[in-house]
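Student:
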Amino acid sequence: MKSYEWAVVGGGIAGIAVSEILAREGHSVVLVDQNQKLASATTRDFHEWIHTGALYTLVPDRLLTLKFILGAVDDLIEYYSAFDRMNLMPTMAGLSIDSRSDGWFSPNYIRFKYRIKGRKIVFPWLVGVARSLHINEKLHGHDWLRRKAGELGPLKDGIWRE
Numbered sequence: 001m002k003s004y005e006w007a008v009v010g011g012g013i014a015g016i017a018v019s020e021i022l023a024r025e026g027h028s029v030v031l032v033d034q035n036q037k038l039a040s041a042t043t044r045d046f047h048e049w050i051h052t053g054a055l056y057t058l059v060p061d062r063l064l065t066l067k068f069i070l071g072a073v074d075d076l077i078e079y080y081s082a083f084d085r086m087n088l089m090p091t092m093a094g095l096s097i098d099s100r101s102d103g104w105f106s107p108n109y110i111r112f113k114y115r116i117k118g119r120k121i122v123f124p125w126l127v128g129v130a131r132s133l134h135i136n137e138k139l140h141g142h143d144w145l146r147r148k149a150g151e152l153g154p155l156k157d158g159i160w161r162e
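In structure tokens:
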């Protein structure tokens, strides 16, 4: 019987991230999920297919959460860029997928829409969706929020506590 230092229960985005961090730190980790595919239940149910990060645009913290998340994504892409099968590359206009057959990612692009069928349309929801769409559009064309993962200014100033 094999033994592990850590057992992470749940193969959603949080379980995968925690397992990744522990493994990078040299710990032996087992990730257990009830489904055969990782990130196949909660993420799909709440985001209607995959986790897009769109909900981070709704956090009322002057976009600090979004800045740190984007910086963390940049750090992950930089870390994995040394792996042979890493075919996701940052460009000035966003991320690009090299369509070689042995890469980790395939260029199967999905057009995301907000589901409104059966949803009670209320003003706060409309404002939230409009804000989220506006911020996501700005992110597609600009690099203005990226590379913030190592920035300590907001943490030193206590802004994150607001």
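Residue numbers for the sequence shown follow UniProt numbering, beginning at 1 and rising by one. Cβ coordinates follow ideal geometry from the N, Cα and C atoms, glycine included. Quantities reported herein were computed from a predicted structural model and do not represent experimental measurements.
(1) Would you give the residue range spanned by the alpha helix (DSSP H) that A23 belongs to?
(2) Pull up the distance between the alpha-carbon of S99 and that of A17, whole angstroms please.
(3) Using the beta-carbon count (16 or more within 10 Å), is V9 buried or exposed?
(4) If you run the structure through DSSP and keep just helix, strand and coil, what is A39?
(5) By Cβ distance, which residues of its chain are closer than 6 Å to E5, with the 5 residues on each side in sequence left out?
(6) Hey, how far is the Cα of D102 from the Cα of E78?
(7) Just how far apart, CA to CA, sit E20 and M1?
(8) Could you pull the start and end residues of the beta strand (DSSP E) that A7 belongs to?
(9) Drop a sphere of 10 angstroms on the beta-carbon of L95, count the other beta-carbons inside from all chains shown, and report buried for 16 or more, exposed for fewer.
(10) Within its chain, find whatever has a CB closer than 6 Å to the CB of A7; leave out the 5 residues flanking it on each side and keep chain order.
(11) Run the CB neighbour count on G11, radius 10 Å, all protein chains shown included, and call it buried at 16 or more, exposed below.
(12) So the beta strand (DSSP E) residue 164 belongs to, where does it begin and stop?
(13) Could you check if D45 is buried or exposed, using at least 16 other CB atoms within 10 Å of its CB as the buried criterion?
(14) Identify whether V30 lies in helix, strand or coil by the three-state DSSP scheme.
(15) Looking at the structure shown, is I135 part of a helix, part of a strand, or coil, going by DSSP?
Tutor: According to the structure shown:
(1) Sequence index remark: in the sequence shown, residue 23 carries index 23 (1-based). It spans 13-24 - the alpha helix (DSSP H) in which A23 sits, taken as one unbroken run.
(2) For the purposes of this step, residue 99 is identified with residue 99 of the sequence shown, where counting begins at 1. For the purposes of this step, residue 17 is identified with residue 17 of the sequence shown, where counting begins at 1. Each residue's alpha carbon lies about 25 Å from the other.
(3) Locating residue 9 in the sequence shown gives position 9, counting from the first residue. Looking at its Cβ environment, which holds fewer than 16 other Cβ atoms inside 10 Å, V9 is exposed.
(4) Counting from 1 along the sequence shown, the entry for residue 39 is found at position 39. Note: A39 maps to coil in three-state DSSP.
(5) For this step, residue 5 is matched to residue 5 along the sequence shown. Take E5, set aside five residues on each side of it, and the residues of its chain with a beta-carbon closer than 6 Å to its own are H27, S28, in chain order.
(6) As a first step, residue 102 must be located in the sequence shown, where it is residue number 102. As a first step, residue 78 must be located in the sequence shown, where it is residue number 78. Roughly 19 Å between the two C-alpha positions.
(7) Within the sequence shown, numbered from 1, the residue matching residue 20 stands at position 20. Within the sequence shown, numbered from 1, the residue matching residue 1 stands at position 1. Taking the straight line from one Cα to the other gives about 23 Å.
(8) Taking the first residue of the sequence shown as position 1, residue 7 is located at position 7. Element bounds for A7: 6-9.
(9) Reading the sequence shown from its first residue, position 95 is the one you call residue 95. Its Cβ having fewer than 16 others within 10 Å, L95 is exposed.
(10) Working through the sequence shown from its first residue, we reach residue 7 at position 7. A distance below 6 Å between beta-carbons, with the five flanking residues on each side excluded, links A7 to the following residues of its chain, in chain order: V30.
(11) On the sequence shown, position 11 is the one that residue 11 refers to. So G11 counts as buried.
(12) Absent from the model: residue 164. The displayed extent of the chain is 1 to 162, so no value can be given.
(13) Against the sequence shown, residue 45 aligns to sequence position 45. Caution is warranted here: a pLDDT of 49 is assigned to D45, below 50, making its placement in the model unreliable, and no coordinate value can be reported.
(14) Numbered from its first residue, the sequence shown carries residue 30 at position 30. Looking at V30 - three-state DSSP - the assignment turns out to be strand.
(15) Stepping through the sequence shown from its first residue, residue 135 is reached at position 135. Correct three-state label for I135: helix.
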